[in-house]
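Trainee: Pasting in a structure now, in structure tokens, and then I'll have a few things to ask.
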Amino acid sequence: MVIELIGMLMKDRVEGKKYDDLAHHFIKISLTAYSVTAILGGLLLFTFITLYPDFFRYIAGIFKPAMHIYALLFLAESGSLYIYYYGWDRMNEGFLKWVHASLGVLLNVFGSTLMMLANSWLTFMMSPAGVDEQGRYLGNLWHVVHTALWNPVNVHRIIGNMVFGGGVVAAYAAYHFLAAKTHEERAYYDWMGYVSMFMAVASLIPLPFAGYWLMREVYGFRQQMGITLMGGILAWLFIIQAVLIGALFFASVYYLFTGMERMRGAERYQKYIKYLLFLMTVAFLVWLTPHTMVMKPAELKAMGGQQHPVVGNFGVMSAKNGAVNTMIITTIIAFIMYQRANKIVTVRWATLGNSLLIAMFGIALLNNWWLAIYGYYIPANVRIGLSVPRLWAP
Numbered sequence: 001m002v003i004e005l006i007g008m009l010m011k012d013r014v015e016g017k018k019y020d021d022l023a024h025h026f027i028k029i030s031l032t033a034y035s036v037t038a039i040l041g042g043l044l045l046f047t048f049i050t051l052y053p054d055f056f057r058y059i060a061g062i063f064k065p066a067m068h069i070y071a072l073l074f075l076a077e078s079g080s081l082y083i084y085y086y087g088w089d090r091m092n093e094g095f096l097k098w099v100h101a102s103l104g105v106l107l108n109v110f111g112s113t114l115m116m117l118a119n120s121w122l123t124f125m126m127s128p129a130g131v132d133e134q135g136r137y138l139g140n141l142w143h144v145v146h147t148a149l150w151n152p153v154n155v156h157r158i159i160g161n162m163v164f165g166g167g168v169v170a171a172y173a174a175y176h177f178l179a180a181k182t183h184e185e186r187a188y189y190d191w192m193g194y195v196s197m198f199m200a201v202a203s204l205i206p207l208p209f210a211g212y213w214l215m216r217e218v219y220g221f222r223q224q225m226g227i228t229l230m231g232g233i234l235a236w237l238f239i240i241q242a243v244l245i246g247a248l249f250f251a252s253v254y255y256l257f258t259g260m261e262r263m264r265g266a267e268r269y270q271k272y273i274k275y276l277l278f279l280m281t282v283a284f285l286v287w288l289t290p291h292t293m294v295m296k297p298a299e300l301k302a303m304g305g306q307q308h309p310v311v312g313n314f315g316v317m318s319a320k321n322g323a324v325n326t327m328i329i330t331t332i333i334a335f336i337m338y339q340r341a342n343k344i345v346t347v348r349w350a351t352l353g354n355s356l357l358i359a360m361f362g363i364a365l366l367n368n369w370w371l372a373i374y375g376y377y378i379p380a381n382v383r384i385g386l387s388v389p390r391l392w393a394p
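Start counting the sequence shown at 1; every next residue gets the next number (the working numbering).
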């Protein structure tokens, strides 16, 4: 939708057509994904009815009005998607083009509302509301839907889907780039990968903030649930997640730096890459360090306890917040370098602007590291309160 609108608003018709064709290509991939998700959704429904009939009967009874809305939205999304795709060439000029773009807006509204309704079922299971102590429905559908975790999950999933969607299209473009037979094909798929990675990285940067908000609300609703997730039986899943998050940031930065290798004028930034990669590596190691380890009694005795006397200090959230913020800031710096690699700044205040940019990132990093260290010397409730200004550091 966004790419189509960019193409429509461009004054250069040739350049606008280029973006319009790219948007058309994107929707082809989305159409395939939509078919797959419909099949998987049907399979999930069949699994619930077959293996968990009591659970499904209970959830369906509470969310019965919402499920009717869900079914109507599914039909509306299917209809708008197929009209949007198959009407692309027929509605490609003048007023009809704006009608087509409006269909794209409707498609996103229907799809996002559909996803948020489905989110309400899972957030009800995590943070139930609108029912009594025995789980009986109290008659207010909005209370059942709008639980404590509904909005954080909605925001986190919308941003996460933008990152994932950009990454999927980038992988698709990379495959076709390698398989291309002509220079024109390679250039086109290279540009497609550039646009999709731009969308993915731009969405990746705010994603940890949405995740932090979600976990903050988890602790606010039920502290024991947060402890179980991050420090109890599910802690190792969080460690695996930390590794995957770090790998995602690493892969994004690596893509940006390898992309700069092919850009004329990017040589002036090459000397800074090793420092940025060093920051990413140190932050990544801190980020994935577990607070406690699952060990044998002999290993615990040899180490002097479940927490390592040195490395264990990096397993607490004060260090991890500082680490993930460092990865975010480093990714933003790499992204700016990538965007400016083949451009020359010509304004008179270029030196002042660059100096302010360097000062801004320098202050953000120092503020982040200072608050991470300061967190070791203050009570837990004060440290949690300082998490908000730390997240604003980037």
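Heads up, the beta-carbon is just placed ideally off N, CA and C, and yes, glycines get one too.
(1) Would you identify the three-state DSSP class for residue 345, choosing helix, strand or coil?
(2) Given that a residue counts as buried once 16 or more other Cβ atoms are within 10 Å of its Cβ, and exposed if not, what is residue 278?
(3) Between the Cα of residue 116 and the Cα atoms of 102, 100, 149 and 138, which residue gives the shortest distance?
(4) Based on the DSSP secondary-structure assignment, which residues constitute the bridge partners of residue 137?
(5) Does residue 65 pass the burial test, meaning 16 or more other C-beta atoms within 10 Å, or should it be called exposed?
(6) Go through its chain and collect everything with a Cβ distance to residue 56's Cβ below 6 Å, but skip five positions before and after it.
(7) Just curious, the alpha helix (DSSP H) that residue 151 is in, first and last residue?
(8) May I have the straight-line CA-CA distance separating residue 177 from residue 169, to the nearest angstrom?
(9) Note down the Cα distance separating residue 266 from residue 211, rounded to an integer number of angstroms.
(10) Have a look at residue 260 and residue 175 and give me their C-alpha separation to the nearest angstrom.
(11) Check each candidate in 340, 100, 76 and 320 and name the one with the smallest Cα separation from residue 269.
(12) Tell me whether the beta-carbon of residue 122 lies closer than 7 Å to the beta-carbon of residue 130.
(13) Using DSSP with H/G/I as helix, E/B as strand and the rest coil, what is residue 286?
(14) Could you tell me the distance, in whole angstroms, from the CA atom of residue 354 to the CA atom of residue 22?
(15) Are residue 4 and residue 101 touching if we call contact CB-CB under 7 Å?
(16) By the three-class DSSP mapping on this structure, what secondary structure does residue 206 have?
(17) Report the rounded CA-to-CA distance for residue 135 versus residue 120, giving the unit in angstroms.
(18) Within the chosen definition, does the stretch 151-167 reach the stretch 193-200 through at least 3 CB pairs nearer than 8 Å?
(19) Give a yes or no on whether the C-beta atoms belonging to residue 246 and residue 288 are separated by under 7 Å.
(20) Exposed or buried, which one is residue 63 when buried takes at least 16 other CB atoms within 10 Å?
(21) State the CB to CB distance for the pair residue 204 and residue 253, rounded to an integer number of angstroms; the pair is presumed to be in contact (CB under 8 Å).
(22) Which same chain residues end up closer than 7 Å to residue 239 when comparing Cβ atoms and leaving out the 5 residues on each side of it in sequence?
(23) Helix, strand or coil for residue 54 per DSSP?
(24) Nearest CA to the CA of residue 109: which residue from 74, 86 and 141?
(25) So what does DSSP say about residue 363, is it helix, strand or coil?
(26) If you draw a straight line from the C-alpha of residue 91 to the C-alpha of residue 153, how long is it?
(27) From which residue to which residue does the alpha helix (DSSP H) around residue 310 run?
(28) Just the C-alpha distance for residue 264 and residue 143, rounded to the nearest angstrom, thanks.
Mentor: Let me lay it out:
(1) coil
(2) exposed
(3) 149
(4) 131
(5) exposed
(6) 48 and 49
(7) 150-179
(8) 12 Å
(9) 34 Å
(10) 19 Å
(11) 340
(12) no
(13) helix
(14) 33 Å
(15) yes
(16) coil
(17) 16 Å
(18) yes
(19) yes
(20) buried
(21) Not quite, the Cβ-Cβ distance comes to about 10 Å (not below 8 Å), so this is no contact.
(22) 288 and 290
(23) helix
(24) 74
(25) helix
(26) 36 Å
(27) That residue, residue 310, is in no alpha helix (DSSP H); it is neither H nor E in DSSP.
(28) 57 Å
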